[in-house]
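Novice: Below you will find the structure I want to go over with you.
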Amino acid sequence: MFPISKTPPPPPDTPSKPKTHLSRMWLLLSILLLQLFLLFSARSHPFFTTSHFLQAPSTITTTPSTLCPYGKVYVYDLPPFFNSELLQNCHQLNPWKSGCDAFANDGFGKIANGISKLVPENLTHSWYWTDQFALEILHHNRMIHFRCRSFEPESATAFYIPFYAGLAVGKYLWYNYTFEDRDRYCEMMLNWVANQPFWNRSNGWDHFISMGRISWDFRRTKGRDWGSSCIYMPGMTNITRLLIERNPWDYFDIGVPYPTGFHPSTVDDVTAWQKFVRTRQRNNLYCFAGATRGFYRNDFRGQLLSQCRNNSDACRVVDCAGSKCSNGTSAILQTFLDSDFCLQPRGDSFTRRSIFDCMVAGSIPVFFWRRTAYMQYAWFLPDEPESYSVFIHRSEVVNGTTSIRSVLESISKEKVKIMREKVIEYIPRMVYAKPNEGLEGIKDAFDIAIEGVLKRVKQQQGGFKW
Numbered sequence: 001m002f003p004i005s006k007t008p009p010p011p012p013d014t015p016s017k018p019k020t021h022l023s024r025m026w027l028l029l030s031i032l033l034l035q036l037f038l039l040f041s042a043r044s045h046p047f048f049t050t051s052h053f054l055q056a057p058s059t060i061t062t063t064p065s066t067l068c069p070y071g072k073v074y075v076y077d078l079p080p081f082f083n084s085e086l087l088q089n090c091h092q093l094n095p096w097k098s099g100c101d102a103f104a105n106d107g108f109g110k111i112a113n114g115i116s117k118l119v120p121e122n123l124t125h126s127w128y129w130t131d132q133f134a135l136e137i138l139h140h141n142r143m144i145h146f147r148c149r150s151f152e153p154e155s156a157t158a159f160y161i162p163f164y165a166g167l168a169v170g171k172y173l174w175y176n177y178t179f180e181d182r183d184r185y186c187e188m189m190l191n192w193v194a195n196q197p198f199w200n201r202s203n204g205w206d207h208f209i210s211m212g213r214i215s216w217d218f219r220r221t222k223g224r225d226w227g228s229s230c231i232y233m234p235g236m237t238n239i240t241r242l243l244i245e246r247n248p249w250d251y252f253d254i255g256v257p258y259p260t261g262f263h264p265s266t267v268d269d270v271t272a273w274q275k276f277v278r279t280r281q282r283n284n285l286y287c288f289a290g291a292t293r294g295f296y297r298n299d300f301r302g303q304l305l306s307q308c309r310n311n312s313d314a315c316r317v318v319d320c321a322g323s324k325c326s327n328g329t330s331a332i333l334q335t336f337l338d339s340d341f342c343l344q345p346r347g348d349s350f351t352r353r354s355i356f357d358c359m360v361a362g363s364i365p366v367f368f369w370r371r372t373a374y375m376q377y378a379w380f381l382p383d384e385p386e387s388y389s390v391f392i393h394r395s396e397v398v399n400g401t402t403s404i405r406s407v408l409e410s411i412s413k414e415k416v417k418i419m420r421e422k423v424i425e426y427i428p429r430m431v432y433a434k435p436n437e438g439l440e441g442i443k444d445a446f447d448i449a450i451e452g453v454l455k456r457v458k459q460q461q462g463g464f465k466w
């Protein structure tokens, strides 16, 4: 549009001749028509076309740039072989049984039946039996609808590779599969990505991927060892990796929360759940949900089970030896809801999903290895470990110099209340919301993870390289 200064000056106080008056009217009308012509011409120009945004949710096309202060993400259109086809063949994902129920409902799993007596009626819709390895599906669905998604790679700050690495390797980790079987998908994905122009621009520094298993499942160094060698492949060197358990000494590994069963649909769901766990009457001092690992020498979890049973007036046990507990049960949820503290030893690796099941229920975690949480989830948990958790070194428990019960009983009720409040405050950062667009005004685990990735990329663009 023309600037205001182009408009003719106002007429003088003295009367104008009719001819001059008509000339000025025609001039004003001409300017107005010219402005309208330029406006409609501009909207029809290719530079202003919106046809390539038609598949984007409305929250993306109307998002002000101020809502994406760290930039936007471009999602690669990876061949379906690397993601959706894996889900279509869900019955083949697990070597022991079909994975179709586990990864139904866009990765949330089946609706959690049997908990109506445990949680408020208005929150039962937020609970699912979500598989602990569903991260890749949850992240992909959210990324497709992400408010800071870019459909133009030239304007993207970071590039997301929607490869379901964990689902692809899962069934090949057992039995007589070869290391070629375990590496095939990752090799093919890296070959595909290496042919993309924006990969070659940065050599992967601004690329990231979600890998829904622990880091060690992708770190095979020898042919007959466990796992795939995906992380050690040359193309993965500079890619930021979001994992449910990281290698604390690898800059490119980022630990993100295990999926739990709680997936709020609204901000009201979050605040209602926080109020519920805050006011919950807890009758157990502490609890432990887990099973022994007989193949481990001096199995620490077995010792915790034994000690807990010997203190049954203060400690509640859920023995998972006879049933699968990895993806949550109503018995586990009730135990965490009824306990002030929950014991969190290492699992088969240093972390376990139970960490987040426990805290989402408002129970205070007790750790025995610093690598179980403190060296894993820095973006998602408070900076001061003592503000939300208790640490007891495992050797003190094993040699009998420290009693778990005595340590926990020595913490005042007021201190317990303060610690629980810190846990409750951080619940939104530990869960994955149900709406694909996320929650308005609250950052969940997905939002925190992607914001963190974008910040890292910005640092690298500024010249910083690890």
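Position 57 (the sequence shown) corresponds to 57 in full-length UniProt numbering; numbering is contiguous. The beta-carbon is built from N, C-alpha and C at its ideal position, and this holds for glycine as well.
(1) Between 321, 369, 341, which has its C-alpha nearest residue 361's C-alpha?
(2) Cβ of residue 256 within 8 Å of Cβ of residue 442?
(3) Do the stretch 104-115 and the stretch 391-401 make contact, defined as three or more Cβ pairs closer than 8 Å?
(4) Taking C-alpha atoms, which residue in 87, 416, 267 lies nearest to residue 440?
(5) What does a CB cutoff of less than 8 Å around residue 226 pick up in its chain, not counting 5 residues either side in sequence?
(6) According to DSSP, simplified to helix, strand and coil, what is residue 90?
(7) Compare the Cα-Cα distances from residue 421 to each of 452, 114, 382 and report the closest residue.
(8) Quick one: what does DSSP say residue 45 is sitting in, helix, strand or coil?
(9) Go ahead and label residue 22 buried or exposed: buried means 16 or more other beta carbons lie within 10 angstroms of its beta carbon, across all protein chains shown.
(10) At what residues does the beta strand (DSSP E) containing residue 339 begin and finish?
(11) Between which two residues does the beta strand (DSSP E) holding residue 207 run?
(12) Does the pairing of the stretch 453-460 with the stretch 200-213 give three or more beta-carbon distances under 8 Å?
(13) Count the CB pairs spanning the stretch 277-285 and the stretch 246-260 that are closer than 8 Å, and state whether there are at least three.
(14) Using the Cβ count rule (16 or more neighbours within 10 Å means buried), how would you classify residue 388?
(15) Tell me which same chain residues have a C-beta within less than 8 Å of the C-beta of residue 116, skipping the five on either side of it?
(16) Rounding to the nearest angstrom, what Cα-Cα distance links residue 136 and residue 357 in this structure?
(17) Spatial neighbours of residue 374 within its chain, please: CB distance less than 7 Å, with the 5 preceding and 5 following residues excluded, ordered by chain position.
(18) What are the boundary residues of the alpha helix (DSSP H) that includes residue 138?
(19) Can at least three beta-carbon pairs, one atom from the stretch 139-156 and one from the stretch 174-182, be found at a separation below 8 Å?
(20) Assuming residue 472 contacts residue 211 under a Cβ cut-off of 8 Å, what Cβ separation, rounded to an integer in Å, is found between them?
(21) Give the secondary structure of residue 269 by DSSP, where H, G and I count as helix, E and B as strand, and everything else as coil.
(22) Tell me which residue opens and which closes the alpha helix (DSSP H) that residue 416 is part of.
(23) Quick check on the DSSP output: the alpha helix (DSSP H) that includes residue 166 runs from which residue to which?
(24) Quick one: residues in its chain with C-beta nearer than 6 Å to the C-beta of residue 102, no 5 flanking neighbours on either side, listed in chain order?
(25) Using only CA atoms, which one of 105, 337, 424, 91 lies nearest to residue 170?
(26) Based on DSSP bridge pairs, tell me the residues matched to residue 290.
(27) In the DSSP output, which residue or residues are listed as bridge partners for residue 365?
Specialist: Judging by the given coordinates:
(1) 341
(2) no
(3) no
(4) 267
(5) 173, 216, 217, 220
(6) helix
(7) 382
(8) With a pLDDT of 36 at residue 45, under the threshold of 50, the modelled position of that residue is not reliable, and no figure is offered here.
(9) In this prediction, residue 22 has a pLDDT of 43, which is less than 50 and means its spatial position is unreliable; nothing more can be read from the coordinates.
(10) 339-344
(11) 207-214
(12) yes
(13) no
(14) buried
(15) 124
(16) 19 Å
(17) 385
(18) 135-144
(19) no
(20) Residue 472 cannot be examined here, being either before or after the span of the chain that is shown, 1 to 466.
(21) helix
(22) 413-425
(23) 165-170
(24) 109, 131
(25) 91
(26) 319
(27) 342
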